[in-house]
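Novice:
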Amino acid sequence: MRFLHLIVVAALVSAAVYVYKIKFDATLQAERIAKLSTDLRRMHDTNASLRAEWSQLDNPARIQRLADRHLKLRPIEAAQFDALDNLPDRAAPAAPAETPDPIANMIEKQTADYPTGSTRKPVAAR
Amino acid sequence: MNDDASPAAPATGAAPRPAPAMPWHRRFVQALLYGRNVDRDRKARARLGLAVFGFGVIYAIIAAKLVIFAIAPDSHAARRGSSDAVGTARPNIIDRNGELLATDVKRPSLFAEPRRIYDVDVDIELLTSIFPDLDTKDLRQRLGNTRRGFTWLKRDITPQQQAEIKRVGIPAIGFVTENKRVYPNGPEVSHELGYVTVENTGVSGIEKWLDDQGLLELHKAGFATDRQQEPVVLSLDLRVQHVLRDELVAAKEKFRAKSAAGVIYNVRTGEVIAMASEPDFDPNFGREAAERDITQAKINGPGFMGETFNRLTNGLFEMGSTYKAFTIAMALDSGRYNLNSLVDVRSPLHYGHHTIHDYHAMHRPISVSEVFIYSSNIGAAMLARSIGVSAHQAFLRRFGQLDRLKTELPESREPMYPKHWAEVNTATIAFGHGISVEPLQAVMGVAALMNGGILIPPTFLKRSEAQASALGTRVIKPETSVMMRYLMRLNAETGAHGTATKADVPGYYVGAKTGTAEKVFGGHYIKKRLMTDTMAVLPADDPRYLVFIMLDEPQGLKEDGYFATAGMNAVPTAARVIARAAPLLGIEPRFGLPTPDKQILMASRLTQ
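Chains A and B are the protein sequences, given in the same order.
Under this note's numbering, the residues of the first sequence are numbered 5 to 130, in order.
Under this note's numbering, the residues of the second sequence are numbered 2 to 609, in order.
1. Going by C-alpha to C-alpha distance, which of B/THR429, B/LYS255, B/VAL444 sits closest to B/ILE358?
2. So with CB distances below 7 angstroms, who are the chain A contacts of B/LEU239?
3. Check whether the segment 231–247 of chain B touches the segment 511–526 of chain B, taking contact to mean three or more Cβ pairs, one atom from each stretch, closer than 8 angstroms.
4. Assess, as a yes-or-no matter, whether the segment 363–371 of chain B is touched by the segment 440–459 of chain B under the definition of 3 or more beta carbon pairs within less than 8 angstroms.
5. Mind listing which residues of the segment 503–524 of chain B have their C-beta closer than 9 angstroms to chain A's C-betas, in chain order?
6. State the Cα-Cα distance for the pair A/VAL17 and B/ILE171, rounded to the nearest angstrom.
7. Answer with yes or no whether the minimum CB distance from A/SER53 to chain B is below 8 angstroms.
8. According to DSSP, simplified to helix, strand and coil, what is B/SER205?
9. Confirm, please, whether the CB-CB distance from B/SER470 to B/LEU450 is below 8 angstroms.
10. Within the same chain, show all residues whose beta-carbon is closer than 8 angstroms to that of A/LEU61, passing over the 5 residues directly before and after it, in chain order.
11. Name the residue from A/LEU32, A/ILE11, A/ARG55 whose alpha carbon lies nearest to the alpha carbon of B/LEU1.
12. Since B/TYR360 is in the alpha helix (DSSP H), which residue starts that stretch and which ends it?
13. What does the Cβ neighbour count give for B/LYS514, buried or exposed, with the cut at 16 atoms within 10 Å?
14. Which of the residues in the segment 80–91 of chain A, read from start to end, lie with their CB under 8 angstroms from any CB of chain B?
15. Exposed or buried, which one is B/ALA79 when buried takes at least 16 other CB atoms within 10 Å?
16. Quick test of the definition: if touching needs 3 or more C-beta pairs under 8 angstroms, does the segment 377–391 of chain B touch the segment 415–432 of chain B?
17. Run through the DSSP bridge pairs and tell me what B/ASP553 is partnered with.
18. Can you tell me where the beta strand (DSSP E) holding A/TRP58 begins and where it ends?
19. Measure how close the beta-carbons of B/LEU472 and B/PHE400 come, nearest whole angstrom, since I'm counting them as under 8 angstroms.
20. Applying a beta-carbon distance threshold of less than 7 angstroms, which residues of chain A neighbour B/ALA107?
21. Taking the alpha-carbon of A/TYR24 as reference, which of B/LYS463, B/ILE579, B/ALA64 has the nearest alpha-carbon?
22. Just verifying my parser: in three-state terms, what is the DSSP assignment at B/HIS393?
23. Closer than 8 angstroms by beta-carbon distance: list the chain B residues that pair up with A/LEU16, in chain order.
24. Just to confirm the assignment: which complete alpha helix (DSSP H) runs, minimum length 4, are found wholly within the segment 109–181 of chain B?
25. Do B/LEU403 and B/PRO419 count as a contact pair if the criterion is CB distance below 8 angstroms?
26. Residues of chain B with CB closer than 7 angstroms to the CB of A/VAL23, please, in chain order.
27. According to DSSP, is B/PHE1 helix, strand or coil?
28. Answer with buried or exposed for B/THR500, where buried requires no fewer than 16 other C-beta atoms within 10 angstroms of its C-beta.
29. If you drop the 5 nearest sequence neighbours on each side, which residues of the same chain put their C-beta closer than 7 angstroms to that of B/GLN600?
30. Within 10 Å of its beta-carbon, does B/GLY145 have 16 or more other beta-carbons around it, so buried, or fewer, so exposed?
31. Which whole-angstrom value describes the C-beta separation of B/GLU100 and A/SER59, a residue pair presumed to lie in contact below a C-beta threshold of 8 angstroms?
32. Going by beta-carbon coordinates alone, are B/VAL511 and B/LEU539 separated by less than 8 angstroms?
33. Strictly under 8 angstroms for the Cβ-Cβ distance: is B/THR104 near chain A by that measure?
34. Should the segment 103–117 of chain B be regarded as contacting the segment 150–161 of chain B, the criterion being three or more beta carbon pairs within less than 8 angstroms?
35. Going along chain B, which residues have a C-beta under 8 angstroms from A/ALA56?
36. Out of B/ASP40, B/GLU279, B/GLY215, B/ASN285, which has the shortest C-alpha to C-alpha gap to B/THR104?
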């Protein structure tokens with residue numbers, strides 16, 4: 005009996021503590037939510053006014069005024085555009101691939117036979 | 002607490018139990034605490050019952066409270082959240098590329114509670130020291146009436162002023178955070194957006210339209226908070242809009258015109274990409290502009306068009322020769338004429354005391370395409386006359402030229418045309434005299450001539466081609482549209498008297514038609530007061546955009562021989578707009594294209 009009572013008392017106390025803790029946490033959370041939403045609103049408002057200011061600074065009329073004053077640029081003309089198709093082809097290789105190239109042959113021969121320090125293969129070969 | 006020594010004690014034991022064996026010191030302590038011969042068992046049970054009952058009540062309260070919390074969400078946080086949200090928020094307005102055109106910013110406004118003021122004089126003195134522009138007499142009147150509970154002192158004050166007032170600490174004065182509408186681009190985009198009142202209610206333009214869409218009801222109910230509103234995406238392109246407005250301002254200055262207006266229009270979707278009507282106003286100060294217009298209108302009398310007046314959707318104009326495009330299209334679409342049919346234009350037409358003659362009289366029969374490129378009034382009148390009055394009327398009605406044009410902008414006007422439409426009216430309307438329409442209406446019609454024959458209602462909201470084709474109605478055959486494109490291009494390339502050739506910006510394959518109308522004053526056409534306009538389509542072989550420029554009473558320049566017809570002013574302006582705007586519109590320049598008959602007529606025959 006006493007054991008049961010002890011358990012009940014302990015459960016009661018812990019439940020009370022737990023409820024209190026939940027309540028306390030809930031209050032904290034509510035305060036945090038309120039604070040965050042206030043912050044959010046303030047940031048939202050700041051964001052709106054900053055965006056408005058940005059658009060004001062980004063306004064084409066202002067950019068044009070600044071460009072006229074500080075840059076020596078002119079509006080682009082139609083003749084200055086060109087299509088990618090009109091780009092000249094890449095320059096042809098100096099020598100066609102089929103023709104014998106003595107120097108390349110020599111290099112290829114060397115790399116095939118003599119190991120250099122930069123590859124891992126020679127280690128295995130040794 | 003029971004002892005282990007008496008576990009077998011009966012629960013309902015009425016008889017006194019023998020005293021248990023206990024050490025003497027415990028017995029002594031118990032005697033001191035409870036007295037002798039007390040039935041501690043029963044007492045303990047009663048106490049336990051009391052405790053159970055007490056805790057039960059407490060838990061019931063807690064449980065009930067929890068249920069209440071669960072049902073009604075935190076009233077504390079809710080109150081805080083709603084305090085600032087003055088329900089007058091408006092959605093952002095952005096252009097087709099997402100550039101901001103209109104937005105809300107929060108600004109503090111100052112109010113007073115006259116009922117709670119102790120000393121009006123002190124308050125007024127303090128207030129005027131911070132706001133020198135406040136009128137003392139007006140303030141005294143507002144604050145002196147101590148029965149009033151609320152009065153605005155000043156809307157939209159700066160944060161510095163707010164801090165100043167907080168520092169001084171005037172009693173019975175407070176702030177409310179209000180939404181203030183801001184248009185970051187100033188006058189760049191004016192008539193399309195319109196402006197709002199100090200209460201954030203739309204007065205004109207898209208702002209008014211938004212209110213009519215149900216925003217006003219939200220405002221009245223106080224529900225319009227800024228978080229639930231999606232931005233409104235307009236069809237305008239801010240960059241193109243700037244180019245158009247910049248060139249119009251320059252043209253208005255250069256030709257000393259009374260006004261200049263222009264539209265850039267997507268012929269495939271009916272979207273207005275740019276629209277400007279000079280003079281215009283800064284929507285941030287829309288109310289002031291409207292007040293200026295009212296005082297100016299008093300001075301200048303009726304017919305005055307001020308800054309807030311949008312000539313393109315609210316003005317009615319005779320479009321002049323530009324309207325011949327409709328006449329030619331009607332003739333070609335009837336199947337009775339082709340491009341080479343001959344029209345005899347050698348002698349002027351007489352209708353009572355009216356005489357229709359050409360500016361450049363032709364002394365031979367000319368073809369239908371020559372009627373267009375020589376801009377022959379006689380030719381257009383004869384074509385329309387042969388089609389017939391009722392068919393002409395029906396054709397124009399199909400093109401939406403005889404009914405009020407409805408767009409998102411609330412400002413619109415009913416077109417003006419003769420109630421009794423006789424043959425003489427058909428003859429003059431054939432070359433654009435005797436009918437006054439909104440310029441945007443004419444643009445819509447010409448776009449239908451160009452885009453393959455589909456009339457699409459114009460819009461200021463972003464729209465896809467699929468949406469547009471669902472709205473469109475076929476008004477002419479596709480072949481007629483091809484021929485009209487050819488004529489427009491031919492006119493820009495070889496146009497007689499060089500009227501439209503200045504519009505031919507190299508690389509963009511422009512097609513164009515110009516119009517010069519004499520303005521009507523007191524029922525008479527005045528030779529010196531002209532209204533010039535031009536329609537340019539680009540590229541003419543596969544039209545995407547229509548550029549419309551209109552100048553009101555441009556003055557002839559010395560280098561042009563003091564000529565003030567469209568070819569001297571509206572056309573070069575259109576060319577400048579095209580040269581600057583076409584790269585922004587994503588039109589690829591092409592050079593060395595064949596002549597229009599090969600590029601447009603032959604090509605379309607091959608594909609059909």
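By construction, the Cβ of each residue, glycine as well, lies at the ideal position given by its N, Cα and C atoms.
Specialist: From the atom records:
1. Looking up residue 358 of chain B in the second sequence gives position 357. A small fix is needed here, since residue 358 of chain B is His in this sequence, not Ile. Here the closest residue by C-alpha is B/THR429.
2. Taking the first residue of the second sequence as 1, we reach residue 239 of chain B at position 238. Near B/LEU239 (Cβ distances below 7 angstroms), the residues of chain A are PRO64.
3. no
4. Counting C-beta pairs with one atom in each stretch, the segment 440–459 of chain B and the segment 363–371 of chain B have fewer than three that are closer than 8 angstroms, which means they do not touch.
5. Cβ contacts with chain A: VAL506, PRO507, GLY508, TYR509.
6. Numbered from its first residue, the first sequence carries residue 17 of chain A at position 13. Numbered from its first residue, the second sequence carries residue 171 of chain B at position 170. Answer to the nearest angstrom: the Cα atoms are 53 angstroms apart.
7. Taking the first sequence and counting its residues from 1, one reaches residue 53 of chain A at position 49. Chain B contact via Cβ: present.
8. Position 204 of the second sequence, counted from the start, is the residue given in the question as residue 205 of chain B. Taken through DSSP and simplified to helix, strand or coil, B/SER205 comes out as coil.
9. In the second sequence, counting from the first residue as 1, residue 450 of chain B sits at position 449. In the second sequence, counting from the first residue as 1, residue 470 of chain B sits at position 469. It is not a contact, given that the beta carbons lie outside the stated cut-off.
10. Start at 1 with the first residue of the first sequence, and residue 61 of chain A comes out as number 57. Excluding residues within five positions, none has a Cβ falling inside 8 angstroms.
11. Residue coverage of chain B in this structure runs from 2 to 609, which leaves residue 1 of chain B outside it and unanswerable.
12. Position 359 of the second sequence, counting from 1, holds the residue named residue 360 of chain B. Unbroken run through B/TYR360: none, as it is neither H nor E.
13. Residue mapping note: residue 514 of chain B aligns to position 513 of the second sequence, counting from 1. Classification of B/LYS514: buried, given that the 10 Å Cβ count is 16 or more.
14. ILE80, GLU81, ALA82, ALA83, PHE85, ALA87
15. Working through the second sequence from its first residue, we reach residue 79 of chain B at position 78. Confidence at B/ALA79 is low in this model, with a pLDDT of 44, below 50, so its placement is unreliable and no value can be given for it.
16. yes
17. Numbered from 1 along the second sequence, position 552 holds the residue referred to as residue 553 of chain B. In DSSP, B/ASP553 forms a bridge with B/SER260, B/MET532.
18. As a position in the first sequence, residue 58 of chain A is number 54, starting the count at 1. A/TRP58 -> not in any beta strand (DSSP E); alpha helix (DSSP H) instead, spanning 6–62.
19. Taking the second sequence and counting its residues from 1, one reaches residue 472 of chain B at position 471. Taking the second sequence and counting its residues from 1, one reaches residue 400 of chain B at position 399. So it is not a contact: roughly 15 angstroms between Cβ atoms.
20. Taking the second sequence and counting its residues from 1, one reaches residue 107 of chain B at position 106. Note that residue 107 of chain B is Lys in the sequence shown here, rather than Ala. Residues of chain A passing the Cβ test: ASP49.
21. Here residue 24 of chain A refers to the residue found at position 20 when the first sequence is read from its first residue. For A/TYR24, the closest of B/LYS463, B/ILE579, B/ALA64 by C-alpha to C-alpha distance is B/ALA64.
22. Indexing the second sequence from 1 puts residue 393 of chain B at position 392. Helix, per DSSP.
23. The residue you call residue 16 of chain A lines up with position 12 of the first sequence. Contact note: A/LEU16 reaches chain B through PHE56, using a C-beta cutoff of 8 angstroms and chain order.
24. 121–131, 137–145, 160–169
25. Within the second sequence, numbered from 1, the residue matching residue 419 of chain B stands at position 418. Within the second sequence, numbered from 1, the residue matching residue 403 of chain B stands at position 402. Taking C-beta atoms as the reference points, B/PRO419 and B/LEU403 fail to come closer than 8 angstroms.
26. Here the question's residue 23 of chain A lines up with position 19 in the first sequence. Residues of chain B passing the Cβ test: ILE63.
27. The question about residue 1 of chain B has no answer, for chain B in this structure spans 2 to 609.
28. Translated into positions along the second sequence, residue 500 of chain B becomes position 499. It counts as buried.
29. Mapped onto the second sequence, residue 600 of chain B falls at position 599. Scanning its chain for C-beta atoms nearer than 7 angstroms, with the 5 sequence neighbours on each side dropped, one finds around B/GLN600 the residues ASP542, LEU594, in chain order.
30. As a working mapping, residue 145 of chain B is identified with position 144 in the second sequence. Answer is exposed; the Cβ neighbour count stays below 16.
31. Numbered from its first residue, the second sequence carries residue 100 of chain B at position 99. Numbered from its first residue, the first sequence carries residue 59 of chain A at position 55. B/GLU100 to A/SER59, Cβ: 7 angstroms. Contact.
32. Taking the second sequence and counting its residues from 1, the one referred to as residue 511 of chain B is at position 510. Taking the second sequence and counting its residues from 1, the one referred to as residue 539 of chain B is at position 538. Contact flag set, yes.
33. Reading the second sequence from its first residue, position 103 is the one you call residue 104 of chain B. Yes, contact with chain A.
34. yes
35. Along the first sequence, one-based indexing puts residue 56 of chain A at 52. Simply LEU101, THR104, VAL106, VAL183, PRO185.
36. Numbered from 1 along the second sequence, position 103 holds the residue referred to as residue 104 of chain B. The shortest Cα separation from B/THR104 among B/ASP40, B/GLU279, B/GLY215, B/ASN285 belongs to B/ASN285.
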